[in-house]
Each structure stands twice: as structure tokens, then as C-alpha cells.
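Colleague: Let me give you the structure first, and then I'll get to my questions.
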Amino acid sequence: MGNFTLELLFHIIGIGSASGLLYKDNNLLIIGDNSSFLYEYHLESKTLNQYPLLANPAVNIPKSEKPDFESLTQFQDTVYVLGSGSTPKRNAMIEFDTNQKKKIATNNLADLYAVMQSFASIKPEDFNLEGAVYDGENWYLFNRGNGASNQNTVFTIHAKKLSEEFSLVSNDYKLPKIKGIRSSFTDAVLVNNNLYFLSTVEDTPSTYADGAILGSFIGCINLETMKVDFTKKISSTQKFEGITVYKNTTDSIEFLLCEDKDTEELKTAIYKLTLTKK
8 MGNFTLELLF
18 HIIGIGSASG
28 LLYKDNNLLI
38 IGDNSSFLYE
48 YHLESKTLNQ
58 YPLLANPAVN
68 IPKSEKPDFE
78 SLTQFQDTVY
88 VLGSGSTPKR
98 NAMIEFDTNQ
108 KKKIATNNLA
118 DLYAVMQSFA
128 SIKPEDFNLE
138 GAVYDGENWY
148 LFNRGNGASN
158 QNTVFTIHAK
168 KLSEEFSLVS
178 NDYKLPKIKG
188 IRSSFTDAVL
198 VNNNLYFLST
208 VEDTPSTYAD
218 GAILGSFIGC
228 INLETMKVDF
238 TKKISSTQKF
248 EGITVYKNTT
258 DSIEFLLCED
268 KDTEELKTAI
278 YKLTLTKK
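Under our numbering, the sequence shown is numbered contiguously, ending at residue 285.
See below:
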């Protein structure tokens, strides 16, 4: 992969702590880790809709109570919103129908998350899923290694539904460091036969407490080998927590990114990251 450019495109008022996004039909679907809404931002009209994912939905939920929706993925007409699993209150997965514009199912992934932790020898306090990709046959779930053990792990779950029988594989990764602190997964997206991921560095040994933001990387994992093809540092000051494909041409890939500033301000910045192909 060649050079990159990063540019601020616009701000969206009404969304705070953005943690995942999807681009579809000139709209952006966005989640925030302290909210129980799925947001839909129309790029042409610049209007924002919100759809409740839980009973008694709220925009700013206290840290101890929030469902911590960190991962957003889509297959066909269904969007899947996953909680991080970092506390017992964060084990929900919501299925949302993009045609009906409503929630169609709520799933409790506590048992699955417990199996994943045991399989990969991840302690509950180091378990923190922040990226998800589903291709109709396989789920790729990204554990953010921002706990004390720094376990950046990609789980490959072969199953059409997470409630069915499945096969499970896990791969661990040593991601690049900034100032001696290892970066950790924050999101991923599938492009052809590659998983493009974001990783960020926070000066904290906890999956729960926020720390000083030291920068972010983009990287690529080849699905055939499950090896990292490359990583590139894209910022020294920002924590990017969401990535989606905007355009994919013969010369470049354009991604849209969302930034989580770890504040209660209801304002989200959307960036465009362009990677040139060699």
C-alpha cells in the first residue's frame, strides 16, 4: 500500500462518542458507545434520524450503565450492533432491519463471550470487543488489547448465526507502539479478501478507564494467511473508533472514519482516509 491522506469532511451534531459506522446508499449508520440509538445520517440532506435499540433509550448513558455498543456490521439488509462484553451489562447484540427501519431481535451473547474468553485465554477484565465483520458465513470479532495483558485477538467464528453451533479460531497480534505503548484494535472492515483495521493508543492499562490519546494506525490482515500485511500511523492525536468503505477504485481505497473524543459533547467528526494502491 502506498501513501495516504486524511481530511476532515464534516461534523454531525447530535451524536457523541461515535464508535462505529457503515456507509450505504449515500447514508451513514452510526453508533455511539454511550448511546442506545442507531443513528442514520443522510449525506445529501444533512439530516439525522435515530432508532431505539433498547427500552427506555437514551443519548448519554452513564459509564457504569451503558450497553457499550462498539461494533457495527452488516450483511444484506440486516445490521448487527454488538456490545463490547467488557462488563456483564455489555453483552447484547441487536439485529436491525434496514428496510423496516426497526430492531428485529435482541440477543444475549454472554455464553458465547465466555467461550471466546476461555478459548483464547483472555481474562474477563481484558475482554473488550471493538470491531466486527460478518460476511454471511464467518464472523470476525476483534478484541481490543487495551487491558493489562495487551491481547489483540481476532476471533473467526464460522456460523451463519451466533446462536447456532460454530467453529472457532483465534489469532493474536502484536500491533505497533507509540511511546512504548502498544496500539489496540478499535474497528475493522472487509475489503475483498482483506480485513482493514484501526488501532489506537491510549495511556491506560484498563479496558474500562479512558486514558490520554497518543494516536491511531490503519492496518491490513490478509484473510488467507491471517497475517498483517502492513500498518501505517495516520494520526498522533486522534482516537479513531469506526471505519467503513466509501470508494474502492483501481488506484485507491477511500474510507470514512469516526473519532471518539471520550467526552459527553454531542458532536461527531467524520474523516476521509485515502490509501493509494501500489
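C-beta atoms are modelled at their ideal positions from N, C-alpha and C, and glycine is treated no differently.
State the CB to CB distance for the pair Leu235 and Tyr147, rounded to an integer number of angstroms; the pair is presumed to be in contact (CB under 8 angstroms).
Modeller: To locate residue 235, count along the sequence shown from 1; it is residue 228. To locate residue 147, count along the sequence shown from 1; it is residue 140. For the sequence presented, residue 235 should be read as Val rather than Leu. Not really, about 14 angstroms apart at Cβ, beyond 8 angstroms.
Colleague: When you compare each of Phe204, Tyr48, Phe126 to Ser177 by their alpha carbons, which one comes out closest?
Modeller: By 1-based counting over the sequence shown, the position of residue 177 is 170. Ranking Phe204, Tyr48, Phe126 by Cα distance to Ser177 puts Phe126 first.
Colleague: Just list the residues that DSSP pairs Asn159 with in beta bridges.
Modeller: Position 152 of the sequence shown holds residue 159. In DSSP, Asn159 forms a bridge with Tyr180.
Colleague: Go through its chain and collect everything with a Cβ distance to Ile250's Cβ below 6 angstroms, but skip five positions before and after it.
Modeller: Position 243 of the sequence shown, counted from the first residue, corresponds to residue 250. Cβ within range, chain order: Asp194, Val196, Leu205, Phe262, Leu264.
Colleague: Decide if Glu332 is buried, meaning its Cβ has at least 16 other Cβ atoms within 10 Å, or exposed.
Modeller: Since the displayed the chain opens at 8 and closes at 285, residue 332 lies outside it and no answer follows.
Colleague: Using a Cβ-Cβ cutoff of less than 6 angstroms, which residues in the same chain neighbour Asn157 once the five nearest sequence positions on both sides are dropped?
Modeller: In the sequence shown, residue 157 corresponds to position 150, counting from 1. These residues qualify, in order along the chain: Arg189.
Colleague: List the endpoints of the continuous beta strand (DSSP E) containing Leu263.
Modeller: Translated into positions along the sequence shown, residue 263 becomes position 256. Per DSSP, Leu263 belongs to the beta strand (DSSP E) from 259 to 266.
Colleague: Drop a sphere of 10 angstroms on the beta-carbon of Asn67, count the other beta-carbons inside from all chains shown, and report buried for 16 or more, exposed for fewer.
Modeller: As a first step, residue 67 must be located in the sequence shown, where it is residue number 60. By the neighbour-count rule (16 or more Cβ atoms within 10 Å), Asn67 is not buried but exposed.
Colleague: Pop quiz: Tyr30 and Tyr253 are said to be a contact at Cβ under 8 angstroms. What is the actual Cβ separation, rounded to whole angstroms?
Modeller: Mapped onto the sequence shown, residue 30 falls at position 23. Mapped onto the sequence shown, residue 253 falls at position 246. Rounded, the Cβ-Cβ distance is 6 angstroms, consistent with contact.
Colleague: Could you check what DSSP says for Ser125 in three-state terms: helix, strand or coil?
Modeller: On the sequence shown, position 118 is the one that residue 125 refers to. Looking at Ser125 - three-state DSSP - the assignment turns out to be helix.
Colleague: What does a CB cutoff of less than 8 angstroms around Lys109 pick up in its chain, not counting 5 residues either side in sequence?
Modeller: Position 102 of the sequence shown, counted from the first residue, corresponds to residue 109. Only Tyr58, Phe103 meet the Cβ criterion.
Colleague: Under a Cβ-count criterion, where at least 16 other Cβ atoms within 10 Å of its own Cβ denotes burial, should Pro69 be classed as buried or exposed?
Modeller: Taking the first residue of the sequence shown as 1, we reach residue 69 at position 62. Looking at its Cβ environment, which holds fewer than 16 other Cβ atoms inside 10 Å, Pro69 is exposed.
Colleague: Hey, Ile185 and Gly222: beta-carbon distance below 7 angstroms or not?
Modeller: One-based indexing of the sequence shown puts residue 185 at position 178. One-based indexing of the sequence shown puts residue 222 at position 215. Yes.
Colleague: Taking all protein chains shown into account, do 16 or more other C-beta atoms lie within 10 angstroms of the C-beta of Thr232, making it buried, or fewer, making it exposed?
Modeller: One-based indexing of the sequence shown puts residue 232 at position 225. Answer is exposed; the Cβ neighbour count stays below 16.
Colleague: For Gln245, count neighbouring Cβ atoms within 10 angstroms of its own Cβ and tell me buried if that reaches 16, exposed if not.
Modeller: Along the sequence shown, read from residue 1 onward, the residue named residue 245 stands at position 238. The residue is buried, with at least 16 neighbouring Cβ atoms inside 10 Å.
Colleague: Kindly give me the distance between the Cβ atoms of Leu116 and Leu169, rounded to whole angstroms, as I take these residues to be in contact under 8 angstroms.
Modeller: What you label residue 116 is simply residue 109 of the sequence shown in a count that begins at 1. What you label residue 169 is simply residue 162 of the sequence shown in a count that begins at 1. Yes, they are in contact, since the Cβ atoms of Leu116 and Leu169 sit about 6 angstroms apart, within 8 angstroms.
Colleague: Kindly indicate if chain D contains any beta-carbon less than 7 angstroms away from that of Lys246.
Modeller: Among the protein chains of the structure shown there is no chain D, as only one such chain exists.
Colleague: Relative to the C-alpha of Cys227, which candidate in Ile260, Ile220, Gly218, Ala219 has its C-alpha closest?
Modeller: Counting from one through the sequence shown, the residue named residue 227 turns up at place 220. Ranking Ile260, Ile220, Gly218, Ala219 by Cα distance to Cys227 puts Ile260 first.
Colleague: Helix, strand or coil for Ala64, going by three-state DSSP, please let me know.
Modeller: As a working note, residue 64 is residue 57 in the sequence shown. In the sequence on display, residue 64 carries Pro and not Ala. In the structure shown, Pro64 sits in coil (DSSP, three-state: anything other than H, G, I, E or B).
Colleague: Specify, as a first and last residue, the run of the beta strand (DSSP E) that Lys234 falls within.
Modeller: As a first step, residue 234 must be located in the sequence shown, where it is residue number 227. First-last of the beta strand (DSSP E) with Lys234: 234 to 242.
Colleague: Between the C-alpha atoms of Phe134 and Phe247, what's the straight-line distance to the nearest angstrom?
Modeller: Along the sequence shown, read from residue 1 onward, the residue named residue 134 stands at position 127. Along the sequence shown, read from residue 1 onward, the residue named residue 247 stands at position 240. The straight-line gap from Cα to Cα measures roughly 19 angstroms.
Colleague: Please report how far the alpha carbon of Asp142 lies from the alpha carbon of Phe82, in whole angstroms.
Modeller: As a position in the sequence shown, residue 142 is number 135, starting the count at 1. As a position in the sequence shown, residue 82 is number 75, starting the count at 1. Asp142 and Phe82: Cα-Cα distance of roughly 6 angstroms.
Colleague: Under 6 angstroms Cβ to Cβ from Glu72, same chain only, skipping five residues before and after it: list those, please.
Modeller: Mapped onto the sequence shown, residue 72 falls at position 65. So the list is empty, once near-sequence residues are dropped.
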